[in-house]
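One structure is given below, encoded as structure tokens.
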Amino acid sequence: GGNPSARDISKGVDWLTRYGYLPPPDPFSARQQTLEGLREAVKAMQRVAGLPETGELDDATVRMMNKPRCSLPDIIMRPEGRSRRNKR
Amino acid sequence: YALSGSVWDKKLLTWRLENSPNTMSQDVSRTLIGTALAVWSKETQLQFRETREQPDIRVEFVTGSHGDGYPFDGQGGTLGHAFFPGVGERAGETHMDADESWSYNTEEGTDLFAVAVHEFGHSLGLYHSSSENSIMKPYYQGTVGDPSRYRLPPDDVDGIQTLYGQPDSGHRPPVTPTRRALPPRGPSPGPRLPFPDRCSTNFDAIANIRGEAFFFKNRYFWRVQSSRQLVSLNPAHLNRFWLGLPPDLPKLDAVYERTNDSKIVFISGTSYWVFKDTLVEPGYPRPLADFGLNTDGVDAAFVWKHNGKTYFFRKNLFWRFDEKRGQMDSGYPKDSSLWQGVPPNIDDIISWENGDTYFFKGTQYWKFQGGNVEADPGYPRSTALNWMYCPLEGPAVPTDAPEGRDQRGCSCTCTD
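Chains as they are written, first to last, in our numbering: chain A, 2 to 89; chain B, 1315 to 1730.
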């Protein structure tokens, strides 16, 4: 957004992970987060919060992230790799 | 609205309030909790009855970490949470942050009734809603006014009636809960190069950078998020991330984030480099003598949260540096034994976000709670176990690993 600081981005990533918009870090896969992935996560957060979907950590988005809230995540993640298909 | 996917298989549910917040009497709390539940029964066939026995819905005011993986964070931040019906032993449990300034029907403080209505939505099987007027929006929206006059918004009525039917009509057939899509998986990691074993090594330097802990060893580093999650078991290569360090630099001695401009200082031998984010600033390396340090290097450097000053350690001495003045404070060096309970020649030190300070040496670390200069009892503990996600070998040892992480190295994930 308006040039957020690295600390804001770091906090934003933490927040997005805590509330289910980004997958939790998986120490067993060493996957890196792409900028596009972050934008999509921010957009999803903005959609749920009723904010314009800019995909950027703008002031309104950071303000919303700082609002008091329920501890439960907004999006339920299934554990990675769990398949709905079972071996016969 | 969104459904959690679980539902109570009975219409009469019992509840019990375990305690009350400091700002409110037990009677007022009980009335608000009872009224918040009645809001949901008004629109459904559900009925609620208070009990002294083991209840279906147990409401409790708790503080900080309380053993369920959703620690509270003092005033503001997270306010409450509740467990969905039928999911484990905690089903129906509802926790409120005891550190909030709870109130009702006023703009002052946090409206207990409004938060309770929201959390009971979870206890009954609803998930967060993105609807503009829903009480199930995840964010606190201020007081909802007089509890006795409150009615659920239409989105929440639709949601709860899908689960438990309308009050005086037949039960609507339950719909299959929709699940929100997962983001696609990333590509599988490529071939790996040999790197140090994080479970048996000591670390050259450890730093708190932007709220995350970076553990440096030789030309690699590991990264631990502020939630104490290790980002990867495999380290990253120093020169692929921090651009501008000499490619043949064998190791770092100390790293810290400056308080005055958030730039990051890397120290190796008698030289140092200053980085803006991940890129080195022009004009570096510079000699350590710039700091007024006439030593052959430093063992550790960190910024103490309690005064914003930078501390340098070398062998059994330490210095205090004022970044704003760009000068060493007078009266230093002092003997490092002033930090009681840790040996000399420390590997490195970090201040954590909550103000605690950690000293690392060898494969162990010591914790200094708050602004204490005396190590906490029960330390040293294992860095491998509590920071590096390493499996526990031998008998159980004390840990301050975050909740939800098994000491044997497993990672627990809350799922639907």
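Using N, Cα and C, we set each Cβ at its ideal position, and we do this for glycine too.
**OP:** Please classify B/D1370: does DSSP put it in a helix, a strand, or coil?
**Re:** Taking the second sequence and counting its residues from 1, the one referred to as residue 1370 of chain B is at position 56. Assigned with DSSP and collapsed to three states, B/D1370 falls in coil, not helix or strand.
Original post:
Using a Cβ-Cβ distance under 8 Å, would A/G13 count as near chain B?
Top reply: To locate residue 13 of chain A, count along the first sequence from 1; it is residue 12. False, the Cβ-Cβ gap to chain B never drops below 8 Å.
Subject >> Identity of the residue in B/S1417, B/V1376, B/F1386, B/Q1654 nearest B/P1691 by Cα >> reply: Sequence index remark: in the second sequence, residue 1691 of chain B carries index 377 (1-based). Considering only B/S1417, B/V1376, B/F1386, B/Q1654, the residue with the shortest C-alpha distance to B/P1691 is B/Q1654.
Original post:
First and last residue of the beta strand (DSSP E) that includes B/Q1480?
Top reply: As a first step, residue 1480 of chain B is located in the second sequence; it is residue number 166 there, counting from the start. Counting along the chain, no beta strand (DSSP E) covers B/Q1480, and no H or E run does either.
Original post:
Taking Cβ positions, are B/F1632 and B/V1569 nearer each other than 8 Å?
Top reply: Your numbering for residue 1632 of chain B matches position 318 in the second sequence. Your numbering for residue 1569 of chain B matches position 255 in the second sequence. Cβ distance not < 8 Å, so B/F1632 and B/V1569 don't count as in contact.
Original post:
Quick one: Cα of B/D1413 to Cα of B/T1377, how far?
Top reply: Numbered from 1 along the second sequence, position 99 holds the residue referred to as residue 1413 of chain B. Numbered from 1 along the second sequence, position 63 holds the residue referred to as residue 1377 of chain B. Rounded to whole angstroms, B/D1413 to B/T1377 spans 6 Å at the Cα level.
Subject >> Whole-angstrom C-beta distance between B/Y1453 and A/M46, which should lie under 8 Å >> reply: The sequence position of residue 46 of chain A within the first sequence is 45, counting from 1. The sequence position of residue 1453 of chain B within the second sequence is 139, counting from 1. So it is not a contact: roughly 11 Å between Cβ atoms.
Subject >> Between the CA atoms of B/F1589 and B/R1554 - distance to the nearest angstrom >> reply: On the second sequence, position 240 is the one that residue 1554 of chain B refers to. On the second sequence, position 275 is the one that residue 1589 of chain B refers to. Looking at the two C-alpha atoms, the distance is approximately 14 Å.
Original post:
Looking at C-alpha atoms only, which residue of B/F1398, B/F1434, B/L1559 is the closest neighbour of B/L1346?
Top reply: Stepping through the second sequence from its first residue, residue 1346 of chain B is reached at position 32. Taking only the C-alpha atoms, the option nearest B/L1346 is B/F1434.
Original post:
Since B/E1526 sits in a beta bridge, which residues does DSSP pair it with?
Top reply: Start at 1 with the first residue of the second sequence, and residue 1526 of chain B comes out as number 212. Per DSSP, B/I1523.
Original post:
How is B/W1416 classed by DSSP in three states: helix, strand or coil?
Top reply: Here residue 1416 of chain B refers to the residue found at position 102 when the second sequence is read from its first residue. Of the three classes helix, strand and coil, the one that applies to B/W1416 here is strand, per DSSP.
**OP:** Note down the Cα distance separating B/S1318 from B/G1669, rounded to an integer number of angstroms.
**Re:** The sequence position of residue 1318 of chain B within the second sequence is 4, counting from 1. The sequence position of residue 1669 of chain B within the second sequence is 355, counting from 1. About 37 Å.
Original post:
In three-state DSSP terms, what is A/G51?
Top reply: For the purposes of this step, residue 51 of chain A is taken as residue 50 along the first sequence, with counting starting at 1. In this structure, A/G51 counts as coil in the three-state DSSP scheme.
Original post:
Taking Cβ-Cβ distances below 9 Å as the criterion, which residues of the stretch 59–81 of chain A are in contact with chain B?
Top reply: M65, N67, K68, P69, R70, C71, S72, L73, P74, D75, I76, I77, M78, R79, P80, E81
**OP:** On a CA-only basis, which of B/E1422, B/F1605, B/D1575, B/M1702 is nearest B/N1548? Give me that one, please.
**Re:** Stepping through the second sequence from its first residue, residue 1548 of chain B is reached at position 234. Measuring from the Cα of B/N1548, the nearest candidate turns out to be B/M1702.
**OP:** Tell whether a beta-carbon distance below 8 Å holds between B/D1643 and B/D1636.
**Re:** Taking the second sequence and counting its residues from 1, the one referred to as residue 1643 of chain B is at position 329. Taking the second sequence and counting its residues from 1, the one referred to as residue 1636 of chain B is at position 322. Contact: yes.
Original post:
Helix, strand or coil for B/W1536 per DSSP?
Top reply: The residue you call residue 1536 of chain B lines up with position 222 of the second sequence. Reduced to three states, the DSSP call for B/W1536 is strand.
Original post:
Between the stretch 1377–1411 of chain B and chain A, which residues of the former have a C-beta closer than 7 Å to a C-beta of the latter?
Top reply: Y1384, G1390, G1391, T1392, L1393, G1394, H1395
**OP:** Can you give me the start and stop residues for the beta strand (DSSP E) that A/G13 sits inside?
**Re:** Residue 13 of chain A sits at position 12 when you count from the first residue of the first sequence. Run containing A/G13: none in the beta strand (DSSP E); it sits in the alpha helix (DSSP H), 7–19.
Subject >> Per-residue contacts from A/V49 into chain B (C-beta, under 9 Å) >> reply: Indexing the first sequence from 1 puts residue 49 of chain A at position 48. Chain B residues near A/V49: H1442, S1443, S1444, K1451, P1452.
**OP:** Helix, strand or coil for A/T35, going by three-state DSSP, please let me know.
**Re:** If you number the first sequence from 1, residue 35 of chain A lands on position 34. It is coil, neither helix nor strand.
**OP:** Would you tell me roughly how many angstroms separate the C-alpha atoms of B/A1495 and B/D1562, rounded to the nearest one?
**Re:** Position 181 of the second sequence, counted from the start, is the residue given in the question as residue 1495 of chain B. Position 248 of the second sequence, counted from the start, is the residue given in the question as residue 1562 of chain B. The pLDDT assigned to B/A1495 is 29, lower than 50, so where the model puts this residue is not dependable, and the model offers no usable value.
Original post:
Starting from B/D1411 and walking both ways along the beta strand (DSSP E), at which residues does that stretch end?
Top reply: The sequence position of residue 1411 of chain B within the second sequence is 97, counting from 1. Counting along the chain, the beta strand (DSSP E) containing B/D1411 begins and ends at 1408–1411.
**OP:** At 7 Å on the CB atoms, spell out the chain A contacts of B/R1572, in chain order.
**Re:** Start at 1 with the first residue of the second sequence, and residue 1572 of chain B comes out as number 258. Within chain A, no residue comes near B/R1572; the closest Cβ sits about 13 Å away, beyond 7 Å.
**OP:** Using DSSP bridges, identify the partner residues of B/Y1453.
**Re:** Translated into positions along the second sequence, residue 1453 of chain B becomes position 139. Partner(s): A/R70.
Original post:
Among the residues of its own chain, which have a CB less than 7 Å from the CB of B/L1526, if the five just before and after it don't count?
Top reply: Mapped onto the second sequence, residue 1526 of chain B falls at position 212. First, the amino acid is wrong: residue 1526 of chain B is Glu here, not Leu. Correct list, in chain order: R1537, V1538, Q1539, S1540.
Original post:
In this structure, does DSSP put B/V1321 in helix, strand or coil?
Top reply: Indexing the second sequence from 1 puts residue 1321 of chain B at position 7. B/V1321 falls in the coil class under three-state DSSP.
**OP:** Take A/I76 as the anchor and find which of B/S1444, B/K1675, B/S1355, B/N1621 has the nearest alpha-carbon.
**Re:** The count along the first sequence starts at 1 and reaches residue 76 of chain A at position 75. Closest by alpha carbon: B/S1444.
Original post:
Taking 8 Å as the CB-CB limit, is A/W16 close to chain B?
Top reply: In the first sequence, counting from the first residue as 1, residue 16 of chain A sits at position 15. Not one chain B Cβ lies under 8 Å of A/W16.
Original post:
What does a CB cutoff of less than 6 Å around B/I1663 pick up in its chain, not counting 5 residues either side in sequence?
Top reply: Translated into the one-based positions of the second sequence, residue 1663 of chain B becomes position 349. Closer than 6 Å at the Cβ level, and outside the excluded window around B/I1663, lie A1614, F1616, F1673.
Original post:
In terms of residues, what are the limits of the alpha helix (DSSP H) holding B/L1552?
Top reply: As a position in the second sequence, residue 1552 of chain B is number 238, starting the count at 1. Looking at the DSSP string, the run of the alpha helix (DSSP H) that includes B/L1552 is 1552–1555.
**OP:** Quick one: grab the DSSP three-state call for B/G1394.
**Re:** In the second sequence, counting from the first residue as 1, residue 1394 of chain B sits at position 80. Strand at B/G1394.
Original post:
Using a Cβ-Cβ cut-off of 7 Å (strictly less than) and excluding sequence neighbours within five positions of B/Q1543, which residues of its own chain qualify?
Top reply: As a first step, residue 1543 of chain B must be located in the second sequence, where it is residue number 229. Here the set comprises nothing.
**OP:** Report yes or no: do three or more beta-carbon pairs, one from the stretch 1380–1399 of chain B and one from the stretch 1340–1356 of chain B, lie closer than 8 Å?
**Re:** The way I'd put it, the stretch 1380–1399 of chain B doesn't touch the stretch 1340–1356 of chain B; fewer than three beta-carbon pairs between them come closer than 8 Å.
Subject >> Chain-ordered neighbours of A/P26 on chain B, where CB pairs are closer than 8 Å >> reply: Translated into positions along the first sequence, residue 26 of chain A becomes position 25. By Cβ distance, chain B contributes Q1539, Q1543, L1544, V1545, S1546.
**OP:** Pair every Cβ in the stretch 1324–1338 of chain B with every Cβ in the stretch 1358–1377 of chain B, then say whether three or more of these pairs are closer than 8 Å.
**Re:** A contact is defined here as three or more CB-CB pairs under 8 Å, and the stretch 1324–1338 of chain B meets this definition with respect to the stretch 1358–1377 of chain B.
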